[in-house]
Amino acid sequence: MKPLLTVFLLLSLLGTIVMAQVDRTKQPKPGPTPAFALPKPQHATLKNGLKVMLVEQHELPVVNLQLVFQSGSANDPFDMPGLASVMFDMIDEGTVNRDALQIAEDIAFLGASMNWSTWIDGSYGTLQTLKEKLSDALAIYADVLLNPSFPAKEFDRIQKTRIAALMQENDQPAVVATKVFSHVVFGGQHPYGTPSNGTMQSIRSLTIDNLKKFYADHVRSNNATLIAAGDITLKELIPLLEKHLGSWKSGNVPMARFPKTAPELKRGVFLVDKPQAPQSQLRVGHLGTHRLNEDYFALEVMNTILGGQFTSRINYNLRERRGYTYGARSGFSYRKSDGPFLASAGVKSSVTDSSVIETLYEIKRIRDEAVTVEELEMAKTSMILRYPSGFEAPAQLTNQLANVVLYGLGDNYFNTYISNINKVTLADVQRVAKKYLNPEQISIVIVGDVASIREPLEKLGYGNAMILSSDGEPVK
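Residue numbers are given in the working numbering: position 66 of the sequence shown equals residue 439, and the series is strictly consecutive.
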């Protein structure tokens with residue numbers, strides 16, 4: 374027993390010596406950059422002009438398809454916000470061959486899933502199924518895509534459901550703040566200035582004929598790309614697509630109407646009243662930039678330091694240092710045209726003005742002072758290490774590829790992402806902060822108790838506060 378005891382004591386002593394040599398007050402240095410490479414996408418085009426992109430993943434017998442349309446809520450007429458969203462909500466509510474219940478039952482019987490949705494710049498139709506059921510699932514998917522009947526009964530239900538949801542949103546200060554911020558920054562005559570899910574007035578005024586016209590204008594084979602990922606080859610996929618989607622017609626597709634000049638920056642304080650609210654919802658920002666900006670990677674690194682993760686400057690200041698909020702963040706919303714930059718937080722009502730001051734302080738500081746080497750490396754490491762986790766399943770992969778298709782990022786985008794992040798320098802961070810952040814021309818939108826927060830906010834030097842409705846219109 375004594376030899377064993379001696380060995381144990383020696384090992385314990387060695388461990389103590391090693392631990393003593395580790396400075397646990399400092400963050401460990403990051404390890405080497407992880408290797409990351411996706412198979413190169415394969416491309417084909419159907420006879421009707423539908424573009425097809427495939428990335429093979431043969432680990433599981435599953436295939437995920439995603440149609441990416443180059444039309445979204447930005448294509449809504451300015452007097453009909455919510456049209457695209459309601460149309461895609463309705464597309465699987467009945468066809469000339471199946472009613473809504475039969476569609477749901479047929480998809481469930483195959484163990485498949487199907488979903489249709491709309492975002493600002495694009496719309497999506499997804500199908501996930503076992504490979505052996507792909508042809509049967511595609512038959513249902515194609516029926517929904519090519520033969521929607523827009524039944525009046527289902528339209529009435531969806532219309533009422535949407536209106537009820539919008540009424541509930543008016544009681545959610547965070548949602549109201551974001552919508553009003555977009556309206557303030559872009560205005561009502563810009564594709565990004567109206568809510569993608571509509572207003573109560575616009576949804577009430579929609580008709581089935583409106584849906585049919587949007588469908589006829591935008592659901593065209595030349596306005597979409599079909600992305601496939603999973604256990605299938607191009608040789609297997611193309612005949613199935615020709616069989617089920619080959620009759621889909623192309624056509625002239627109306628473009629979103631973006632103004633020729635950028636929206637005017639609106640410096641000021643804009644308040645939406647929520648009487649006796651214990652919290653204020655802050656949205657502080659201005660016009661940002663578009664997705665194809667050559668400074669994208671530098672902007673992403675800069676914003677990660679400013680407000681893009683839990684350890685960012687804005688969150689540390691408002692949450693950890695001052696205890697104003699449970700969380701604060703910032704970000705650029707990159708779109709086909711210039712989207713917004715905004716910092717957001719829900720703060721205690723009594724510190725609304727102080728929270729605005731500290732948010733503006735951090736925006737100014739990252740412009741005027743160089744970030745540290747430690748901040749830069751921590752931001753880049755965080756972005757790089759979490760990146761591969763977004764590609765583990767076929768559905769994740771098609772979602773990632775959807776952005777490549779929607780914004781024309783190129784087949785090699787993912788495989789060069791890490792190297793592009795690593796190239797960002799301290800000088801790049803400060804350069805883009807100075808170029809794209811403008812604290813002197815900033816819109817401060819707050820939903821809260823106007824009676825208690827207005828006077829302190831008007832002392833910040835941004836003029837008298839303008840009171841707005843929950844739709845972003847001036848209250849007279």
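Even for Gly, the Cβ is constructed at its ideal location relative to N, Cα and C. In this text the structure is predicted, and so the values were computed from the model without any measurement.
Endpoints, alpha helix (DSSP H) assigned at residue i
i, result
"Glu615", "607 to 618"
"His556", "546 to 559"
"Met460", "456 to 463"
"Ala838", "Ala838 -> no alpha helix (DSSP H), and no H or E assigned at all."
"Thr598", "Unbroken run through Thr598 is the beta strand (DSSP E), 597 to 603; no alpha helix (DSSP H)."
"Leu503", "Where Leu503 is concerned, there is no enclosing alpha helix (DSSP H), although the beta strand (DSSP E) it sits in stretches over 496 to 503."
"Lys526", "525 to 542"
"Asp726", "725 to 741"
"Arg804", "799 to 809"
"Val331", "This structure cannot speak to residue 331, because the chain is shown only from 374 to 849."
Counted within 10 angstroms of its Cβ, other Cβ atoms place residue i as buried (16 or more) or exposed
i, result
"Ser792", "exposed"
"Lys753", "buried"
"Asp465", "buried"
"Lys616", "exposed"
"Glu667", "exposed"
"Glu828", "exposed"
"Asn328", "Here the chain has residues from 374 to 849 only, and residue 328 is not among them."
"Phe683", "exposed"
"Phe314", "Examination of residue 314 is not possible in this model, given that the chain is present from 374 through 849 alone."
"Ser555", "buried"
"Val469", "exposed"
"His431", "exposed"
"Leu427", "buried"
"Pro627", "exposed"
"Glu742", "exposed"
"Lys647", "buried"
"Lys552", "buried"
"Asn772", "buried"
"Ala597", "buried"
"Met540", "exposed"
Reference residue i; option with closest CA among the options
i, options, result
"Glu735", "Ala838, Asn448, Tyr790, Ile678", "Ile678"
"Pro632", "Val818, Gln415, Phe451", "Phe451"
"Lys413", "Gly661, Asp784, Pro713", "Asp784"
"Met573", "Tyr588, Lys533, Lys586, Gly560", "Lys533"
"Ile815", "Lys832, Met675, Val557, Asn583", "Val557"
"Ala766", "Asp604, Ala701, Val802", "Asp604"
"Phe787", "Thr732, Asn811, Pro761", "Pro761"
"Lys586", "Gly619, Gly566, Lys608, Gly624", "Gly624"
"Phe523", "Asp741, Gly561, Val459", "Val459"
"Thr745", "Gly560, Asp449, Gln803, Val469", "Gln803"
"Tyr697", "Gln652, Ile531, Arg708, Arg738", "Gln652"
"Ser325", "Ile826, Glu831, Gly821", "Residue 325 lies beyond the stretch modelled for the chain, which goes from 374 to 849, so this question has no answer here."
"Leu770", "Thr418, Gln439, Leu423", "Gln439"
"Gly834", "Leu799, Ile730, Lys807, Ser825", "Ile730"
"Thr499", "Ser490, Lys506, Glu505", "Ser490"
"Ala417", "Val797, Lys709, Thr732, Ile611", "Ile611"
"Val548", "Ala477, Ala537, Pro568", "Pro568"
"Lys808", "Asn421, Ile581, Ile739, Thr732", "Ile739"
"Thr732", "Trp621, Arg656, Leu519", "Arg656"
"Gly455", "Ser710, Ser578, Gly422, Phe482", "Ser578"
"Trp621", "Asp801, Asn520, Ala408", "Asn520"
"Gln335", "Ala408, Lys424, Phe409", "Residue 335 cannot be examined here, being either before or after the span of the chain that is shown, 374 to 849."
Extent of the continuous beta strand (DSSP E) to which residue i belongs
i, result
"Val818", "816 to 821"
"Lys424", "424 to 429"
"Phe409", "Looking at the DSSP string, Phe409 is not in any beta strand (DSSP E), and its letter there is neither H nor E."
"Tyr699", "698 to 705"
"Leu438", "435 to 442"
"Asp646", "641 to 646"
"Ala766", "Note, Ala766: premise wrong, no beta strand (DSSP E); not H, not E."
Chain-order list of residues whose beta-carbon lies under 7 Å from that of residue i (same chain, five-residue window excluded)
i, result
"Leu503", "Pro434, Val435, Gly484"
"Thr606", "Glu429"
"Asn676", "Ser703, Gly704, Phe705"
"His591", "Phe442, Ser444, Asn448, Val626"
Contacting residues, own chain, Cβ-Cβ under 8 Å from residue i (five flanking each side not counted)
i, result
"Met839", "Gly641, Val642, Phe643, Leu644, Pro847"
"Tyr699", "Arg692, Gly719"
"Ser508", "Leu613, Lys616, His617"
"Ile480", "Ser486, Met487, Ala510, Ile513"
Cβ separation of residue i and residue j, assumed to be a contact under 8 Å, to the nearest whole Å
i, j, result
"Met756", "Ile794", "5 Å"
"Arg702", "Ile687", "7 Å"
"Trp492", "Gly561", "No, Trp492 and Gly561 are not in contact; Cβ-Cβ is about 20 Å, not under 8 Å."
Sequence-distant residues of the same chain with beta carbon closer than 6 Å to residue i, five excluded per side
i, result
"Asn543", "Ser843"
"Arg593", "Ser623, Gly624, Val626"
"Pro812", "Leu733, Ile736, Lys737"
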